[in-house]
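**Student:** Dropping the structure in here first, questions after.
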Amino acid sequence: MAIFKGIAFILSLTGVASAFNASLFAGKTDYKRESNSLAEQYGIKSDSMISYDGVYFGYAPNWNPAVTMEYLNGYTGQKGATYNVYSQITSDNVNSGSYGGNGQYNPTDIIQSGAVLIASLMPYVDWTDITPGLCDSVANYFESTFTSQGTTVWLRFAHEMNYYSNVGVYPGGKNYGAFLTAWKTMYNAISGNDMIHMYWSPNDDTSSEPVAPWWPGTEYVDIVGMDYYPNADEGLPSFETAYGNFYNTYAAANKIPFAIGETGTQLSGGGSASIAQREQWLKNVINPSSGFGSYSEYYISCTWFEYGPPANDATYYVVYNQGSVVIDETISNTENGS
């Protein structure tokens, strides 16, 4: 397996793989867009991995086994644009009044990657425990550890709040007022640092878990996004079907950048989607055959959930531990992979 991946990396660097994949994109030049100035205003490096439709691409690398961005970039020959890491605010943080990353970040790999850090900070405490002092500590941690080293942070505080509050992961539950107070307190704490952006990212907007009650208001949000994992055996939707209503309501209407903080696909029974299904969903969200049309205006990036067992039951990998054919298919959706 390592031999095949090494070959894929060499081919991507020499241009052999690029020449092979170029034939896949005949007829796409009418809307081809390989830059995104709005994304770069929010810290994404212009030399990062980007799709034919101007969508920067990155990963949420698995923590068990530990997958690094150095590894992923090595096998694609490109730089992942975003680096999603999950961390929690726990009762220990509340009791001490401080947050120091809880040992869940790999600062060296994150900083050296040049990617934007998507800090998915999950409150495993009540909304009322998110005090000004604790929020100041969060802001200080990201400033001292990352932004002072040149790494932009998108603070994805309490992501999927409409889902996690409903299933008991977030103890604060559906106390919308308390959540909004906690959000605004966190926003105020980071607002003095131009390299930290508040990133509002609920789960799929449904009748049982609506997102509207969780909306903090335009003045308290820098970036919006929605987490969505379709079941591949039930059909993979287009970007418009999956994200269109959310995009129009929260990104376009408010002129706020839209970024997918995490996505992937699995089977309805919880099993792993096939490689072909994973690659098709990836194509749907970063490089559809007909382009994104008006959705291109505020759509800046997509982050893939690069996870698998034992940390996660299903396998979502499109690069890690994959052979040359899969990696070539993944990078074929991007500028440097063609």
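Mature numbering (1 follows the signal peptide of the UniProt record, and there is no 0) puts the sequence shown at residues -19 to -1, 1 to 319.
Virtual Cβ for every residue (Gly too), placed ideally from N, Cα, C.
Quantities reported herein were computed from a predicted structural model and do not represent experimental measurements.
#1: For asparagine 83, name the three-state secondary structure that DSSP assigns.
#2: Give me the Cβ distance between valine 97 and threonine 63, rounded to the nearest whole Å; I'm assuming they're in contact under 8 Å.
#3: At a cut-off of 7 Å, is valine 148 close to the ligand SAH when judged by its beta-carbon and the heavy atoms of the ligand?
#4: Can you tell me which of the three DSSP states methionine 142 falls into?
#5: Looking at proline 42: is its Cβ nearer than 8 Å to the Cβ of valine 36?
#6: May I ask you to list the residues that DSSP assigns as paired with glutamine 93?
#7: Do you know offhand how far isoleucine 177's Cα is from glycine 78's?
#8: Per DSSP, alanine 47 forms a beta bridge with which residues?
#9: Give every residue of the same chain whose Cβ lies closer than 8 Å to the Cβ of glutamine 247, excluding the five residues on either side of it in the sequence, and list them in chain order.
#10: Excluding sequence positions up to five away, which residues of its chain have a Cβ less than 7 Å from the Cβ of phenylalanine 273?
#11: Taking the beta strand (DSSP E) that alanine 240 belongs to, which residues open and close that run?
#12: Is it buried or exposed for threonine 315, if we count other Cβ within 10 angstroms and need 16 for buried?
#13: Take threonine 311 as the anchor and find which of Trp196, Pro290 and Trp285 has the nearest alpha-carbon.
#14: Taking all protein chains shown into account, do 16 or more other C-beta atoms lie within 10 angstroms of the C-beta of lysine 236, making it buried, or fewer, making it exposed?
#15: Using alpha carbons as the reference points, say which of Asn174, Ala100 and Lys155 lies closest to serine 189.
#16: DSSP state of aspartate 214, grouped into three classes?
#17: Could you pull the DSSP bridge partners for cysteine 283 from this structure?
#18: I need the boundaries of the beta strand (DSSP E) containing asparagine 121, first residue and last residue.
#19: From valine 306 to tyrosine 201, what does the alpha carbon distance come to, in whole angstroms?
#20: So, do the segment 111 to 129 and the segment 53 to 63 have three or more beta carbon pairs nearer to each other than 8 Å?
#21: Compute the Euclidean distance between the alpha carbons of phenylalanine 6 and valine 134, then round it to the nearest angstrom.
#22: Give the straight-line distance between the Cα atoms of glycine 245 and aspartate 185, rounded to the nearest whole angstrom.
#23: Compute the Euclidean distance between the alpha carbons of glycine 81 and serine 118, then round it to the nearest angstrom.
**Tutor:** Taking the definition as stated:
#1: helix
#2: 5 Å
#3: The model on display carries no ligand, and the ligand SAH is accordingly not part of it.
#4: helix
#5: no
#6: None; glutamine 93 has no bridge partner.
#7: 21 Å
#8: Trp44
#9: Tyr210, Asn212, Ala213, Ser253, Ala254, Ala295 and Tyr297
#10: Asp34, Phe220 and Tyr280
#11: 239 to 244
#12: buried
#13: Trp285
#14: exposed
#15: Lys155
#16: helix
#17: Phe38 and Ile241
#18: It is not in any beta strand (DSSP E) - asparagine 121 instead sits in the alpha helix (DSSP H) that spans 113 to 126.
#19: 44 Å
#20: no
#21: Caution applies to phenylalanine 6, whose pLDDT of 33 falls short of 50 and renders its modelled position unreliable; the model cannot decide the point.
#22: 13 Å
#23: 8 Å
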